[in-house]
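Enquirer:
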Amino acid sequence: MKTGDEYRTSLRDGRATYFEGKRVDDLEAHPVLGPTVGEVAATYDRFHAAEPGATSPLLAVARSAADLKARIPVLHAADLVANVTYQSIMTLMTAASRMGDSPTYVERIGAYVDRAQQDDLRIVECITDAKGDRSLPPGKQHDPDLYVRVVDRSADGIVLRGAKLHISGASYAHDLMTIPTKAMKAGEEAWAVAAMVPVNAPGVRIVNTTYAPRHGDARTFPISSRHHMPEGFVIFDDVFVPNERVFLDGEVRHAAVFAHALGLWERLGGLSAFVEEADQLVGFAQLIAEANGLAGEAHIREKISEMIIHATLLRAGLEAALSNCKLTPEGAAVPDELYTNAAKYHGAANYNLVVRHLHDIAGGSVLTAPSVADLENADVGPLIRKYMSTGPGVDGAYRTRLFHAIRDATADALGGWKAVTNLQAGGGLYAQRIVTRKFYDLAGAKRKALAHAGIEPPA
Ligand SMILES: Cc1cc2nc3c(=O)[nH]c(=O)nc-3n(C[C@H](O)[C@H](O)[C@H](O)COP(=O)(O)OP(=O)(O)OC[C@H]3O[C@@H](n4cnc5c(N)ncnc54)[C@H](O)[C@@H]3O)c2cc1C
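Whatever position you read off the sequence shown (first residue = 1), add 4 for the numbering used here.
See below:
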């Protein structure tokens, strides 16, 4: 297993990564992108075990419902790149178990997963293509590169061209798990490609974006200054990938296998993050209601009760997804599709409502509370503290800091990021509706309705 320092060294591999118009030669030293290297390295140190041959619990395959459940707090203690690495390993294992008629790919996937576990690698999920005109398939686009495709092939491997967008943590990983974003049909063989591409492969270029605060005083951004994970716009400019890293090359019947497997693991990760976040939002609502003197007010209590119900239903959905897991023939535990998708959908669709309640309860100081530095100014600090206080038990500085935390989490760069990400990540609401419907027992529901009405089913 790698230490944090070994991880830091591993990033000095010539990767081509960019930020706001400039190439970044030293990721760790970069003022905006650098702190995330420290965050990922800290996870390595937290889980490091010195015994030779040990596998990080972040990369190990869960074998039972209890294993899957035990993994949730472990993943919460880890950074996002470690989380998507786990999801990637599980995606590969789930996909391999559904590709029994392609033993070469199954073998290559197995060998790669072994190596990733041995070398304690970090992997990110590259699924979302540029996609061009959304109403057209890959082959009908004005530019065939709008979905990642194979442009050349030799005895040793393939050459990839295209781009994958919004890739969380791309610049901080070792490998890019590059898979088709959707099912492909006959005639779309060039786009039915899955491969594990090294981040430093010649031709890979990553353009980073981030909500990381550009503000000099971290106290104004108490949450986003501690945790932020840039996304990468990943460009594959004719990238050679050797055969042993190619997991699909033209077999359109398997193109959707990877997307379906990733969707499930991505949504489980999203759901488990929602569960934590929903409790935090309840906590903020209750704390600010108490600090404002309104915790006993009927309409405030009702809103917080709704937030509590939201948080509790998400937790119940997560519990159901894990408890009803299925085992693949190889013995890997896979969460239940119906509960995972329905609960993830519920969390995403109602996130803005829950945040609305919080903002409604908190008041305008969410946006206008003076900074912590203002509190320290000899002229105005004591007066700010006096006017931000709401009673003998509520210090003005404490209440001001609560407002900064609420703004940072829900109403500023990180808050805006969450508002969009919670809707889109994991394939968006539409995808979660489709999968929920697919796994719901609709025929059973019709039978129940007919029985309840005393109507014979039609012949
Ligand atoms: C912060 C963040 C992190 C992300 N991380 C990752 C990551 O690590 N890896 C990764 O691969 N992706 C990642 N994503 C991408 C995410 O999965 C996509 O944003 C999502 O799948 C939607 O795709 P899109 O952004 O291209 O939007 P679009 O596909 O353009 O969707 C916009 C709307 O159009 C609808 N729509 C699209 N196509 C059709 C159609 N043919 N017919 C009818 N309606 C349609 C959609 O349902 C949606 O309502 C991330 C996204 C965000 C915001």
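We put the beta carbon where it would ideally sit given N, CA and C, even for glycine. Small disclaimer: the values here were computed from a predicted structure and weren't measured.
Relative to the C-alpha of Phe-51, which candidate in Ser-92, Leu-72 and Asp-124 has its C-alpha closest?
Expert: Within the sequence shown, numbered from 1, the residue matching residue 51 stands at position 47. Of the candidates Ser-92, Leu-72 and Asp-124, the one whose C-alpha sits nearest the C-alpha of Phe-51 is Asp-124.
Enquirer: With DSSP as the reference, please indicate the residues paired to Asn-426 in a beta bridge.
Expert: As a working mapping, residue 426 is identified with position 422 in the sequence shown. According to DSSP, which records beta bridges pairwise, Asn-426 is partnered with nothing at all.
Enquirer: From the DSSP output, in three-state form, read off Ser-172 for me.
Expert: If you number the sequence shown from 1, residue 172 lands on position 168. Reduced to three states, the DSSP call for Ser-172 is strand.
Enquirer: Could you tell me the distance, in whole angstroms, from the CA atom of His-303 to the CA atom of Leu-357?
Expert: In the sequence shown, the residue the question calls residue 303 occupies position 299. In the sequence shown, the residue the question calls residue 357 occupies position 353. The straight-line gap from Cα to Cα measures roughly 15 angstroms.
Enquirer: Does ligand 1 have a heavy atom nearer than 6 angstroms to the CB of Gly-431?
Expert: By 1-based counting over the sequence shown, the position of residue 431 is 427. Gly-431: yes, Cβ under 6 angstroms from ligand 1.
Enquirer: With the cut-off set at 7 angstroms, would you say Ala-415 and Val-384 are in Cβ contact?
Expert: Here residue 415 refers to the residue found at position 411 of the sequence shown. Here residue 384 refers to the residue found at position 380 of the sequence shown. In this structure, Val-384 does not lie closer than 7 angstroms to Ala-415 by Cβ.
Enquirer: In chain order, what residues of the same chain have a beta carbon less than 8 angstroms from the beta carbon of Tyr-48, not counting five sequence neighbours either side?
Expert: In the sequence shown, the residue the question calls residue 48 occupies position 44. So the list reads Met-5, Lys-6, Thr-7, Gly-8, Glu-10, Tyr-11 and Asp-124, once near-sequence residues are dropped.
Enquirer: For my contact list, Met-188 and Val-256 are in at a C-beta cut-off of 8 angstroms; report their separation, rounded to the angstrom.
Expert: Counting from 1 along the sequence shown, the entry for residue 188 is found at position 184. Counting from 1 along the sequence shown, the entry for residue 256 is found at position 252. Met-188 to Val-256, Cβ: 4 angstroms. Contact.
Enquirer: Leaving out five residues before and five after Arg-153 in sequence, what residues of the same chain have Cβ atoms less than 8 angstroms from its Cβ?
Expert: Position 149 of the sequence shown, counted from the start, is the residue given in the question as residue 153. Same-chain partners within the cutoff: Pro-142, Leu-164, Arg-165, Gly-166, Ala-194, Trp-195 and Val-197.
Enquirer: Using DSSP with H/G/I as helix, E/B as strand and the rest coil, what is Ala-199?
Expert: Indexing the sequence shown from 1 puts residue 199 at position 195. Strand, per DSSP.
Enquirer: In the structure shown, what three-state DSSP assignment does Asp-253 receive?
Expert: In the sequence shown, the residue the question calls residue 253 occupies position 249. Note: Asp-253 maps to strand in three-state DSSP.
Enquirer: Can you list, in chain order, the residues of its chain whose CB lies under 7 angstroms from that of Leu-322, leaving out five sequence neighbours each side?
Expert: To locate residue 322, count along the sequence shown from 1; it is residue 318. So the qualifying residues of the chain are Leu-275, Ser-276, Val-279 and Ala-347.
Enquirer: What do you reckon, are the CB atoms on Arg-126 and Ala-199 nearer than 7 angstroms?
Expert: By 1-based counting over the sequence shown, the position of residue 126 is 122. By 1-based counting over the sequence shown, the position of residue 199 is 195. Cβ atoms of Arg-126 and Ala-199: not closer than 7 angstroms.
Enquirer: Are the region 340-354 and the region 438-457 touching by the rule of at least three beta carbon pairs closer than 8 angstroms?
Expert: Touching, yes.
Enquirer: Under the three-state reduction of DSSP, which class applies to Leu-37: helix, strand or coil?
Expert: As a position in the sequence shown, residue 37 is number 33, starting the count at 1. In this structure, Leu-37 counts as coil in the three-state DSSP scheme.
Enquirer: Could you round the C-beta distance between Ala-289 and Val-238 to whole angstroms and report it? I think they count as a contact, below 8 angstroms.
Expert: Indexing the sequence shown from 1 puts residue 289 at position 285. Indexing the sequence shown from 1 puts residue 238 at position 234. Contact doesn't hold; Cβ gap of about 38 angstroms is too wide.
Enquirer: Please give me, in chain order, every unbroken run of the beta strand (DSSP E) with length at least 3 that falls completely inside the region 203-230.
Expert: Counting only runs of 3 or more, we get 208-213.
Enquirer: Looking at C-beta atoms only, is the number of pairs between the region 49-68 and the region 307-318 that lie closer than 8 angstroms three or more?
Expert: Result no; under three Cβ-Cβ pairs closer than 8 angstroms.
Enquirer: Just the Cα atoms here: how many angstroms apart are Phe-225 and Arg-218?
Expert: Position 221 of the sequence shown holds residue 225. Position 214 of the sequence shown holds residue 218. Distance between the alpha carbons of Phe-225 and Arg-218 is about 10 angstroms.
Enquirer: I need the boundaries of the beta strand (DSSP E) containing Arg-153, first residue and last residue.
Expert: Taking the first residue of the sequence shown as position 1, residue 153 is located at position 149. 153-157 is the extent of the beta strand (DSSP E) around Arg-153.
Enquirer: Runs of 3 residues minimum, wholly inside the region 310-376: which ones carry the beta strand (DSSP E) assignment?
Expert: Listed in chain order, there is nothing to give.
Enquirer: Quick one: using the 10 Å Cβ neighbour count with 16 as the cut-off for buried, is Ser-101 buried or exposed?
Expert: One-based indexing of the sequence shown puts residue 101 at position 97. With 16 or more other Cβ atoms within 10 Å, it is buried.
Enquirer: Is any non-hydrogen atom of ligand 1 found closer than 6 angstroms to the C-beta of Thr-414, if you look at the structure I gave you?
Expert: Working through the sequence shown from its first residue, we reach residue 414 at position 410. No, ligand 1 has no heavy atom inside 6 angstroms of this Cβ.
Enquirer: List the endpoints of the continuous alpha helix (DSSP H) containing Asp-383.
Expert: Your numbering for residue 383 matches position 379 in the sequence shown. From DSSP, Asp-383 is part of no alpha helix (DSSP H); its letter is neither H nor E.
Enquirer: Give me the Cα-Cα distance between Asn-354 and Asp-17, rounded to the nearest whole angstrom.
Expert: Here residue 354 refers to the residue found at position 350 of the sequence shown. Here residue 17 refers to the residue found at position 13 of the sequence shown. Going from the Cα of Asn-354 to the Cα of Asp-17 covers about 42 angstroms.
Enquirer: Could you round the C-beta distance between Ala-177 and Val-245 to whole angstroms and report it? I think they count as a contact, below 8 angstroms.
Expert: Mapped onto the sequence shown, residue 177 falls at position 173. Mapped onto the sequence shown, residue 245 falls at position 241. Between Val-245 and Ala-177 the Cβ distance is about 16 angstroms, and since that is not below 8 angstroms, they are no contact.
Enquirer: Should Trp-269 be flagged as near chain E, meaning a C-beta pair shorter than 7 angstroms?
Expert: The chain labelled as chain E is not found in the depicted structure, where only one protein chain is given.
Enquirer: Can you give me the Cβ contacts of Thr-332 inside the same chain, cut-off strictly under 8 angstroms, excluding the 5 residues immediately before and after it?
Expert: In the sequence shown, residue 332 corresponds to position 328, counting from 1. Once the five neighbours on either side are set aside, the close Cβ partners of Thr-332 are Met-97, Thr-98, Ser-101 and Val-338.
Enquirer: What do you reckon, are the CB atoms on Glu-270 and Gly-430 nearer than 7 angstroms?
Expert: On the sequence shown, position 266 is the one that residue 270 refers to. On the sequence shown, position 426 is the one that residue 430 refers to. Result yes, Cβ atoms of Glu-270 and Gly-430 sit closer than 7 angstroms.
Enquirer: Just the C-alpha distance for Gly-273 and Arg-67, rounded to the nearest angstrom, thanks.
Expert: By 1-based counting over the sequence shown, the position of residue 273 is 269. By 1-based counting over the sequence shown, the position of residue 67 is 63. Approximately 17 angstroms between the Cα atoms of the pair.
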